[in-house]
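Everything on this sheet refers to the single structure shown next.
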Amino acid sequence: MEVLKEKIFLKKGGDLRDVQMVNRRIYGAVDDRFFSNWELFSNQERFMMRALKGIRKDDMEKLRVNLVIATSWFLALMNRIHVDIEDAVWNRFPYLCSYCGSCPCACKKIKPSKRARITKKPHLRPKNIRGFQEMFEEIYPSGSRTLEHAGIHQAEEQGELSEAMQVFAGSHKKSTFQEIIDESADYLSCVFAIANSANIDLQSELEKFYSNNCHACHQAPCKCDFRMISDFKS
(Lines of atoms letter the chains of each structure in order from A and count residues from 1; the text may use other names and numbers.)
(Lines give C-alpha, C1' and ligand atoms only; values in the text may rest on other atoms or scores of the structure.)
Protein backbone atom coordinates (compact mmCIF):
# COMPACT_ATOMS: atom_id res chain seq x y z
CA MET A 1 0.00 0.00 0.00
CA GLU A 2 1.26 3.46 -0.89
CA VAL A 3 2.60 5.43 2.08
CA LEU A 4 1.92 9.16 1.89
CA LYS A 5 3.26 11.88 4.16
CA GLU A 6 1.30 14.84 2.84
CA LYS A 7 -2.23 15.60 3.95
CA ILE A 8 -4.87 14.82 1.33
CA PHE A 9 -7.82 17.20 1.27
CA LEU A 10 -10.47 18.64 -1.02
CA LYS A 11 -9.38 22.09 -2.08
CA LYS A 12 -11.66 25.03 -1.47
CA GLY A 13 -14.06 25.47 -4.37
CA GLY A 14 -13.29 22.02 -5.77
CA ASP A 15 -15.49 20.39 -8.39
CA LEU A 16 -16.97 16.91 -8.65
CA ARG A 17 -13.86 15.56 -10.37
CA ASP A 18 -11.70 16.92 -7.56
CA VAL A 19 -13.73 15.21 -4.84
CA GLN A 20 -13.84 11.95 -6.83
CA MET A 21 -10.04 12.03 -7.17
CA VAL A 22 -9.54 12.79 -3.47
CA ASN A 23 -11.84 9.90 -2.58
CA ARG A 24 -9.76 7.52 -4.69
CA ARG A 25 -6.46 8.69 -3.20
CA ILE A 26 -7.72 8.21 0.35
CA TYR A 27 -9.95 5.14 0.03
CA GLY A 28 -9.03 3.40 -3.23
CA ALA A 29 -6.56 0.94 -1.73
CA VAL A 30 -8.66 -0.14 1.24
CA ASP A 31 -11.80 -0.35 -0.92
CA ASP A 32 -10.01 -2.58 -3.44
CA ARG A 33 -8.76 -4.80 -0.63
CA PHE A 34 -11.98 -5.20 1.34
CA PHE A 35 -14.97 -4.60 -0.91
CA SER A 36 -16.53 -5.94 -4.10
CA ASN A 37 -18.62 -3.64 -6.28
CA TRP A 38 -21.77 -4.87 -4.57
CA GLU A 39 -20.29 -4.31 -1.13
CA LEU A 40 -19.40 -0.73 -2.04
CA PHE A 41 -22.97 -0.26 -3.22
CA SER A 42 -24.34 -1.89 -0.07
CA ASN A 43 -22.39 0.52 2.12
CA GLN A 44 -23.58 3.48 0.05
CA GLU A 45 -27.14 2.28 0.49
CA ARG A 46 -26.59 1.66 4.21
CA PHE A 47 -25.67 5.27 4.90
CA MET A 48 -28.24 6.73 2.53
CA MET A 49 -30.96 4.84 4.39
CA ARG A 50 -29.62 6.35 7.63
CA ALA A 51 -29.87 9.77 5.98
CA LEU A 52 -33.49 9.09 5.02
CA LYS A 53 -34.17 7.99 8.59
CA GLY A 54 -32.91 11.42 9.60
CA ILE A 55 -35.67 12.92 7.45
CA ARG A 56 -38.32 10.67 9.01
CA LYS A 57 -37.10 11.47 12.54
CA ASP A 58 -36.70 15.19 11.76
CA ASP A 59 -33.05 14.82 12.78
CA MET A 60 -31.21 17.19 10.47
CA GLU A 61 -27.81 16.33 11.95
CA LYS A 62 -28.31 12.64 11.19
CA LEU A 63 -29.39 13.57 7.69
CA ARG A 64 -26.39 15.85 7.12
CA VAL A 65 -23.77 13.40 8.39
CA ASN A 66 -25.09 10.37 6.59
CA LEU A 67 -25.80 12.17 3.33
CA VAL A 68 -22.12 13.08 3.12
CA ILE A 69 -20.90 9.58 4.10
CA ALA A 70 -23.27 7.99 1.56
CA THR A 71 -21.89 10.35 -1.08
CA SER A 72 -18.36 9.22 -0.21
CA TRP A 73 -19.29 5.56 -0.74
CA PHE A 74 -21.07 6.52 -3.98
CA LEU A 75 -17.89 8.20 -5.23
CA ALA A 76 -15.94 5.06 -4.30
CA LEU A 77 -18.29 3.02 -6.47
CA MET A 78 -17.92 5.48 -9.35
CA ASN A 79 -14.14 5.18 -9.04
CA ARG A 80 -14.34 1.39 -9.06
CA ILE A 81 -16.37 1.25 -12.27
CA HIS A 82 -14.47 4.17 -13.84
CA VAL A 83 -17.34 6.60 -14.25
CA ASP A 84 -16.52 10.31 -14.38
CA ILE A 85 -19.53 11.46 -12.37
CA GLU A 86 -19.12 15.12 -13.28
CA ASP A 87 -19.35 14.31 -16.98
CA ALA A 88 -22.24 11.94 -16.30
CA VAL A 89 -24.20 14.62 -14.44
CA TRP A 90 -23.50 17.34 -17.01
CA ASN A 91 -24.40 15.11 -19.96
CA ARG A 92 -27.66 14.18 -18.24
CA PHE A 93 -28.51 17.60 -16.81
CA PRO A 94 -26.88 20.38 -18.88
CA TYR A 95 -28.67 23.08 -16.87
CA LEU A 96 -31.92 21.52 -18.11
CA CYS A 97 -34.35 18.88 -16.90
CA SER A 98 -33.22 15.58 -18.38
CA TYR A 99 -36.76 14.74 -19.46
CA CYS A 100 -38.60 17.87 -20.61
CA GLY A 101 -35.46 19.84 -21.51
CA SER A 102 -36.59 22.96 -19.63
CA CYS A 103 -35.21 25.07 -16.78
CA PRO A 104 -37.04 25.12 -14.51
CA CYS A 105 -38.55 21.70 -15.11
CA ALA A 106 -41.95 21.85 -16.81
CA CYS A 107 -42.77 18.14 -16.73
CA LYS A 108 -45.91 18.61 -14.61
CA LYS A 109 -47.21 21.20 -17.06
CA ILE A 110 -46.38 19.70 -20.44
CA LYS A 111 -46.34 16.01 -19.44
CA PRO A 112 -43.80 14.86 -22.07
CA SER A 113 -44.22 11.32 -23.36
CA LYS A 114 -40.52 10.93 -24.18
CA ARG A 115 -37.24 12.63 -23.39
CA ALA A 116 -36.62 15.89 -25.19
CA ARG A 117 -33.59 16.40 -27.42
CA ILE A 118 -31.19 18.51 -25.40
CA THR A 119 -28.46 20.83 -26.62
CA LYS A 120 -25.67 21.51 -24.13
CA LYS A 121 -24.27 25.00 -23.70
CA PRO A 122 -20.70 24.51 -22.42
CA HIS A 123 -20.46 28.00 -20.91
CA LEU A 124 -23.23 27.09 -18.45
CA ARG A 125 -21.33 24.09 -17.02
CA PRO A 126 -20.86 24.64 -13.27
CA LYS A 127 -17.31 25.27 -12.06
CA ASN A 128 -17.58 23.62 -8.65
CA ILE A 129 -19.80 21.48 -6.41
CA ARG A 130 -21.76 24.50 -5.20
CA GLY A 131 -22.38 25.46 -8.81
CA PHE A 132 -23.95 22.06 -9.46
CA GLN A 133 -26.12 22.42 -6.36
CA GLU A 134 -27.27 25.84 -7.55
CA MET A 135 -27.93 24.41 -11.01
CA PHE A 136 -30.22 21.73 -9.60
CA GLU A 137 -32.04 24.32 -7.49
CA GLU A 138 -32.80 26.25 -10.68
CA ILE A 139 -33.90 23.15 -12.61
CA TYR A 140 -35.89 21.60 -9.72
CA PRO A 141 -36.73 24.41 -7.23
CA SER A 142 -36.87 23.15 -3.65
CA GLY A 143 -39.99 25.25 -3.07
CA SER A 144 -41.90 22.89 -5.36
CA ARG A 145 -41.52 19.88 -3.03
CA THR A 146 -41.17 18.88 0.61
CA LEU A 147 -38.03 17.37 2.11
CA GLU A 148 -39.96 14.13 2.54
CA HIS A 149 -40.81 14.11 -1.17
CA ALA A 150 -37.13 14.63 -2.01
CA GLY A 151 -36.27 11.69 0.25
CA ILE A 152 -38.83 9.42 -1.41
CA HIS A 153 -37.46 10.35 -4.84
CA GLN A 154 -33.96 9.52 -3.58
CA ALA A 155 -35.12 6.07 -2.50
CA GLU A 156 -36.67 5.56 -5.95
CA GLU A 157 -33.39 6.44 -7.67
CA GLN A 158 -31.50 4.18 -5.27
CA GLY A 159 -33.62 1.29 -6.49
CA GLU A 160 -33.19 2.21 -10.14
CA LEU A 161 -29.41 2.36 -9.78
CA SER A 162 -29.48 -1.07 -8.14
CA GLU A 163 -31.57 -2.44 -11.00
CA ALA A 164 -29.19 -0.98 -13.59
CA MET A 165 -26.24 -2.63 -11.87
CA GLN A 166 -28.00 -5.98 -11.77
CA VAL A 167 -28.91 -5.80 -15.47
CA PHE A 168 -25.33 -4.97 -16.41
CA ALA A 169 -23.99 -7.78 -14.22
CA GLY A 170 -26.12 -10.21 -16.23
CA SER A 171 -25.40 -8.80 -19.67
CA HIS A 172 -22.02 -6.98 -19.74
CA LYS A 173 -23.28 -4.84 -22.61
CA LYS A 174 -22.19 -1.29 -23.41
CA SER A 175 -25.83 -0.20 -23.51
CA THR A 176 -26.59 -1.54 -20.05
CA PHE A 177 -23.43 0.07 -18.64
CA GLN A 178 -24.72 3.37 -20.03
CA GLU A 179 -27.83 2.79 -17.92
CA ILE A 180 -25.59 2.69 -14.83
CA ILE A 181 -24.03 6.01 -15.87
CA ASP A 182 -27.45 7.61 -16.42
CA GLU A 183 -28.92 6.27 -13.19
CA SER A 184 -25.81 7.41 -11.27
CA ALA A 185 -26.39 10.93 -12.56
CA ASP A 186 -30.05 10.71 -11.55
CA TYR A 187 -29.03 9.45 -8.11
CA LEU A 188 -26.65 12.35 -7.54
CA SER A 189 -29.26 14.83 -8.74
CA CYS A 190 -31.44 13.61 -5.88
CA VAL A 191 -28.59 14.03 -3.41
CA PHE A 192 -28.45 17.67 -4.46
CA ALA A 193 -32.26 17.89 -4.23
CA ILE A 194 -32.21 16.67 -0.63
CA ALA A 195 -29.38 19.07 0.17
CA ASN A 196 -31.34 21.96 -1.32
CA SER A 197 -34.53 21.03 0.53
CA ALA A 198 -32.62 20.67 3.82
CA ASN A 199 -30.43 23.78 3.34
CA ILE A 200 -27.24 21.69 3.35
CA ASP A 201 -24.28 23.23 1.53
CA LEU A 202 -22.64 20.16 0.00
CA GLN A 203 -19.55 22.11 -1.04
CA SER A 204 -18.83 23.07 2.57
CA GLU A 205 -19.77 19.66 3.95
CA LEU A 206 -17.55 17.76 1.53
CA GLU A 207 -14.67 20.16 2.14
CA LYS A 208 -14.99 19.47 5.87
CA PHE A 209 -15.34 15.73 5.32
CA TYR A 210 -12.23 15.63 3.12
CA SER A 211 -10.18 18.13 5.14
CA ASN A 212 -7.65 15.76 6.70
CA ASN A 213 -7.26 12.39 4.95
CA CYS A 214 -9.79 9.70 6.03
CA HIS A 215 -12.62 11.27 8.01
CA ALA A 216 -12.38 8.51 10.64
CA CYS A 217 -8.71 7.48 11.05
CA HIS A 218 -7.22 10.67 9.51
CA GLN A 219 -4.64 8.70 7.58
CA ALA A 220 -3.97 8.42 3.86
CA PRO A 221 -4.38 5.90 2.46
CA CYS A 222 -7.15 5.05 4.93
CA LYS A 223 -6.04 2.55 7.58
CA CYS A 224 -9.50 1.67 8.92
CA ASP A 225 -9.90 -2.09 9.30
CA PHE A 226 -12.92 -4.03 8.11
CA ARG A 227 -14.53 -4.27 11.57
CA MET A 228 -14.18 -0.54 12.18
CA ILE A 229 -15.84 0.19 8.85
CA SER A 230 -18.67 -2.30 9.34
CA ASP A 231 -19.35 -1.08 12.91
CA PHE A 232 -19.17 2.65 12.13
CA LYS A 233 -21.89 4.56 13.97
CA SER A 234 -23.57 7.57 12.44
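Residue 1097 is where the sequence shown starts when you use the numbering used here, and the numbers rise one by one after that.
All residues carry an ideal CB built from backbone N, CA and C; glycine is no exception.
Remember, it's a predicted structure, so these values are computed and weren't measured experimentally.
{"Query": "Going by other Cβ atoms of all chains shown within 10 Å of its Cβ, with 16 needed for buried, is leucine 1159 buried or exposed?", "Result": "buried"}
{"Query": "When you compare the CB positions of cysteine 1286 and histidine 1249, do they come within less than 8 Å of one another, or not?", "Result": "yes"}
{"Query": "Report the three-state DSSP secondary structure of methionine 1097 (helix, strand or coil).", "Result": "No answer about methionine 1097 holds up, because its pLDDT of 47 lies below 50 and its placement is not dependable."}
{"Query": "Note down the Cα distance separating glutamine 1274 from cysteine 1313, rounded to an integer number of angstroms.", "Result": "35 Å"}
{"Query": "Between glutamate 1301 and the rest of its own chain, which residues show a CB-CB distance below 7 Å, the 5 nearest in sequence each way excluded?", "Result": "Arg1160 and Val1164"}
{"Query": "Can you check which of these residues, Pro1208, Met1231 and Ile1214, is closest to leucine 1220 by C-alpha distance?", "Result": "Met1231"}
{"Query": "Secondary structure at aspartate 1327, three-state DSSP: helix, strand or coil?", "Result": "coil"}
{"Query": "In chain order, what residues of the same chain lie with their CB nearer than 7 Å to the CB of isoleucine 1296, ignoring the 5 residues before and after it?", "Result": "Arg1160 and Leu1163"}
{"Query": "At which residues does the alpha helix (DSSP H) containing arginine 1241 begin and terminate?", "Result": "Note, arginine 1241: premise wrong, no alpha helix (DSSP H); not H, not E."}
{"Query": "Report the three-state DSSP secondary structure of lysine 1158 (helix, strand or coil).", "Result": "helix"}
{"Query": "What are the boundary residues of the alpha helix (DSSP H) that glutamate 1179 is part of?", "Result": "Checking the sequence, you will find valine at residue 1179 rather than glutamate. Here valine 1179 belongs to no alpha helix (DSSP H), and DSSP marks it neither H nor E."}
{"Query": "Any idea what DSSP makes of lysine 1216, helix, strand or coil?", "Result": "coil"}
{"Query": "Can you tell me the Cα-Cα spacing of lysine 1270 and aspartate 1278, whole angstroms?", "Result": "12 Å"}
{"Query": "Taking only the alpha-carbon atoms, compute the straight-line gap between alanine 1291 and glutamate 1135 and give it to the nearest angstrom.", "Result": "25 Å"}
{"Query": "Could you compute how far the alpha carbon of lysine 1223 sits from the alpha carbon of aspartate 1111?", "Result": "6 Å"}
{"Query": "The alpha helix (DSSP H) that contains phenylalanine 1228, what's its start and end?", "Result": "1225-1235"}
{"Query": "Looking only at its chain, what residues have a beta carbon closer than 7 Å to the beta carbon of cysteine 1201, apart from the 5 residues adjacent to it on each side?", "Result": "Cys1193, Ile1235 and Tyr1236"}
{"Query": "Does DSSP put cysteine 1203 in a helix, in a strand, or in coil?", "Result": "helix"}
{"Query": "Once the 5 residues before and after arginine 1282 are set aside, which same chain residues still bring their CB inside 8 Å of it?", "Result": "Contrary to the premise, residue 1282 reads as aspartate rather than arginine in this sequence. So the list reads Arg1188, Ser1194, Glu1253, Glu1256 and Leu1257, once near-sequence residues are dropped."}
{"Query": "I'd like to know if the region 1165-1174 and the region 1140-1153 are in contact, where contact means that at least 3 CB-CB pairs between them fall below 8 Å.", "Result": "yes"}
{"Query": "For the region 1098-1170, which segments carrying the beta strand (DSSP E) assignment without a break, of at least 3 residues, lie completely within its bounds, in sequence order?", "Result": "none"}
{"Query": "Would DSSP call aspartate 1187 helix, strand or coil?", "Result": "Looking at the sequence shown, residue 1187 is not aspartate but asparagine. Residue state, collapsed to three classes: helix."}
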